[in-house]
Amino acid sequence: MFKSVFTKYVTAFALIIGISFVMLTSIISSKVRDYAADSKRDDLRWFAQTVHDVVSYGFHESDEEQLIAYLNDNRVALTGILDSVTRREAGVMLMVTDTAGNVILSDSEFATSGISVLPDSIIGAIVSSSSYEGIDNLDGALKTPCILYGVCLTDQAQHPIGAVVILSTYASENELISTMNTTVVMASLWLMLAALIAVYFISDRMIGPLRSMITASKQFAKGKFDTRIEVSGQDEIAELAAAFNQMAESLDHIEKMRNSFLASVSHDLRTPMTTIAGFIDGINSGAIPPDKHEYYLGIISSEVHRLSRLVSQLLDISRLESGDRKLVLKSFDICEMARLILISFEQKIDAKHLDVDFLADDDRMMVTADQDAIHQILYNICDNAIKFSYEGGKLNVAISRHGRNKTEVSVYNEGVGIPAEDIPFIFERFYKGDKSRGLDKTGVGLGLYIAKTIIDAHGEEIHVDSEEGKFCRFRFTLSSSETVGKDPAER
29 MFKSVFTKYV
39 TAFALIIGIS
49 FVMLTSIISS
59 KVRDYAADSK
69 RDDLRWFAQT
79 VHDVVSYGFH
89 ESDEEQLIAY
99 LNDNRVALTG
109 ILDSVTRREA
119 GVMLMVTDTA
129 GNVILSDSEF
139 ATSGISVLPD
149 SIIGAIVSSS
159 SYEGIDNLDG
169 ALKTPCILYG
179 VCLTDQAQHP
189 IGAVVILSTY
199 ASENELISTM
209 NTTVVMASLW
219 LMLAALIAVY
229 FISDRMIGPL
239 RSMITASKQF
249 AKGKFDTRIE
259 VSGQDEIAEL
269 AAAFNQMAES
279 LDHIEKMRNS
289 FLASVSHDLR
299 TPMTTIAGFI
309 DGINSGAIPP
319 DKHEYYLGII
329 SSEVHRLSRL
339 VSQLLDISRL
349 ESGDRKLVLK
359 SFDICEMARL
369 ILISFEQKID
379 AKHLDVDFLA
389 DDDRMMVTAD
399 QDAIHQILYN
409 ICDNAIKFSY
419 EGGKLNVAIS
429 RHGRNKTEVS
439 VYNEGVGIPA
449 EDIPFIFERF
459 YKGDKSRGLD
469 KTGVGLGLYI
479 AKTIIDAHGE
489 EIHVDSEEGK
499 FCRFRFTLSS
509 SETVGKDPAE
519 R
């Protein structure tokens with residue numbers, strides 16, 4: 029029945045609000061009823077004491093017979109007094125009895141009830157304790173139980189000679205409670221309606237983006253990554269929608285890169301294979317003369333090495349992502365490694381007439397890392413720096429202390445640089461910027477991704493700074509050897 033989150037959310041709030049209002053109404057009713065009952069008892073005590081004082085003030089004799097005579101002689105006046113008291117409170121009845129419970133004098137309303145004698149239990153309780161309070165229906169003489177309060181009349185020697193008894197129904201209290209309950213229920217219903225409307229719109233505001241995300245996710249499953257969620261507000265839902273859009277953009281970008289990668293790999297595999305097959309067929313068929321075999325075999329060898337590099341990069345990615353490639357950490361001289369790499373590029377550097385600077389804080393700077401992996405990274409970065417440098421431009425390799433326990437390696441070149449819009453994606457898998465595609469026909473956009481993955485595995489950082497058409501600088505950090513064995517927090 030309640031399948032959607034929206035339905036569950038609204039239903040839960042409706043139940044909470046409804047139960048809260050029921051509890052509130054019950055508590056208020058109980059408190060009001062108790063207060064009204066206490067007020068009623070206080071009023072009855074006051075009424076009974078007032079009549080007691082009136083009767084005692086006018087009666088100065090000392091026996092029960094004289095009390096009865098006094099009450100009968102002054103019946104009209106005293107009845108008027110009793111009526112004036114009972115008119116102040118609805119449902120109140122007053123009477124004066126003798127010690128046997130016989131009603132001698134009463135107000136007009138009680139006189140019509142036909143009750144002439146009160147139960148012995150009530151009179152006995154009043155006489156024995158001077159006053160009595162309870163709830164009684166006079167042995168069934170009254171239709172509903174009433175609050176009863178009695179005060180004993182005594183002579184000058186404090187001997188009981190009669191009693192003043194007052195009865196009151198719950199009519200006024202019940203009417204008050206009924207009116208109050210009606211008012212509270214109506215107010216609660218209006219408040220509940222307003223709350224449900226507010227909850228409805230708030231819930232819809234929260235659930236709406238989730239519905240959009242569900243729809244977008246289904247589109248993603250079909251390979252359509254152009255769907256975006258409308259972001260409004262600055263709450264957690266808006267942050268989630270923004271994060272979802274960022275994920276969609278990343279998926280869209282990865283999908284484009286994947287397609288580009290497949291096209292690039294297909295092209296890079298097909299081209300050398302076509303070249304190799306063509307030259308081999310030419311040699312086998314005799315179309316290529318024997319004196320040219322060595323030249324074309326050299327081309328075939330170059331293309332085979334190119335295929336080998338591509339396959340090696342793909343294998344490296346597979347091993348890195350599966351965790352099969354384990355880092356072998358050891359101490360080595362990063363300055364010596366950088367010098368040897370620059371020497372290996374001597375022919376390419378001379379061919380472009382590059383102005384090379386090598387800067388280091390010390391002749392020997394020991395770092396702890398996987399030596400082969402760092403060599404692969406630095407070699408790849410230097411190769412790119414030379415490849416994309418301007419003719420006669422600068423090439424700087426700098427190694428410096430970075431903070432207290434880090435060593436930073438920086439490779440700078442003057443060249444085409446990297447467009448600002450490409451920098452956030454430069455370390456992503458299969459990425460190739462337009463400039464790169466124009467100058468580099470052999471890469472497939474895996475070298476920098478591999479470099480970033482290896483640096484991350486070391487727990488270090490790699491960054492790029494560039495200005496298109498002017499320069500590019502790659503920087504990465506390594507742990508200095510003296511930090512080996514220290515807690516990562518200390519490093």
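First residue of the sequence shown? That's 29 in this note's numbering, and the numbers climb one at a time after it.
We treat Cβ as the ideally placed atom computed from N, Cα and C, and that holds for glycine.
Same chain, Cβ closer than 7 Å to residue i, five either side skipped, listed in chain order
| i | result |
| --- | --- |
| Tyr407 | Ile369 |
| Gln399 | Lys358, Phe360 |
| Leu19 | Nothing can be reported for residue 19: it is not among the residues displayed for the chain, which extend from 29 to 519. |
| Gln247 | Thr255 |
| Phe253 | Ala276, Leu279, Asp280, Glu283 |
| Thr197 | Gly119, Thr172, Cys174 |
| Val212 | Thr53, Ile56 |
Cα-Cα separation between residue i and residue j, rounded to whole angstroms
| i | j | result |
| --- | --- | --- |
| Ser149 | Asp62 | 27 Å |
| His321 | Ser330 | 14 Å |
| Ser507 | Val395 | 6 Å |
| Ser231 | Val38 | 7 Å |
| Ser340 | Asn412 | 18 Å |
| Gly487 | Ser240 | 38 Å |
| Thr35 | Ala276 | 28 Å |
| Val384 | Ser313 | 48 Å |
| Gly26 | Trp218 | This structure gives no information on residue 26, because the portion of the chain shown stretches from 29 to 519. |
| Phe502 | Leu474 | 16 Å |
| Thr53 | Asp66 | 20 Å |
| Ala269 | Ile242 | 12 Å |
| Thr505 | Ile328 | 39 Å |
| Thr127 | Gly190 | 5 Å |
| Leu95 | Arg69 | 27 Å |
| Lys498 | Pro300 | 33 Å |
| Tyr160 | Ala153 | 6 Å |
Cβ neighbours of residue i in the same chain (closer than 6 Å, five flanking residues each side left out)
| i | result |
| --- | --- |
| Asp111 | Asp135, Ser136 |
| Val145 | Gly129, Asn130 |
| Asn424 | Asp385, Tyr440 |
| Phe307 | Tyr324, Ile328 |
Contact under 8 Å by Cβ, residue i with residue j
| i | j | result |
| --- | --- | --- |
| Ser428 | Asp389 | yes |
| Leu72 | Ile194 | yes |
| Glu442 | Tyr418 | yes |
| Thr435 | Ile362 | yes |
| Ile151 | Thr182 | no |
| Ile45 | Met220 | yes |
| Leu382 | Gly421 | yes |
| Leu106 | Leu133 | yes |
Identified DSSP bridge partners for residue i
| i | result |
| --- | --- |
| Val179 | Ser159, Val192 |
| Met121 | Leu195 |
| Cys363 | Beta-bridge pairing links Cys363 to no other residue. |
| Gly443 | Ser417 |
| Cys174 | Asp164 |
| Asp493 | Arg501 |
CA nearest to the CA of residue i, picked from the options
| i | options | result |
| --- | --- | --- |
| Leu43 | Met123, Phe253, Leu224 | Leu224 |
| Ile377 | Phe138, Cys410, Ala397, Leu357 | Cys410 |
| Asn55 | Ile205, His187, Gly168, Gly497 | What sits at residue 55 in the sequence shown is Ile, not Asn. Closest by alpha carbon: Ile205. |
| Leu335 | Asp309, Arg298, Asp450 | Arg298 |
| Ile371 | Ile414, Leu290, Asp319 | Ile414 |
| Leu122 | Val83, Asn273, Ala305 | Val83 |
| Leu342 | Phe373, Asp319, Leu290 | Leu290 |
Own chain, CB closer than 8 Å to residue i, minus 5 neighbours either side, in chain order
| i | result |
| --- | --- |
| Lys41 | Residue identity check: residue 41 is Phe in the sequence provided, not Lys. Result list for Phe41: Ala223, Leu224, Val227, Ser231, in chain order. |
| Gly251 | Glu283 |
| Thr303 | Ile327, Ile328, Glu331 |
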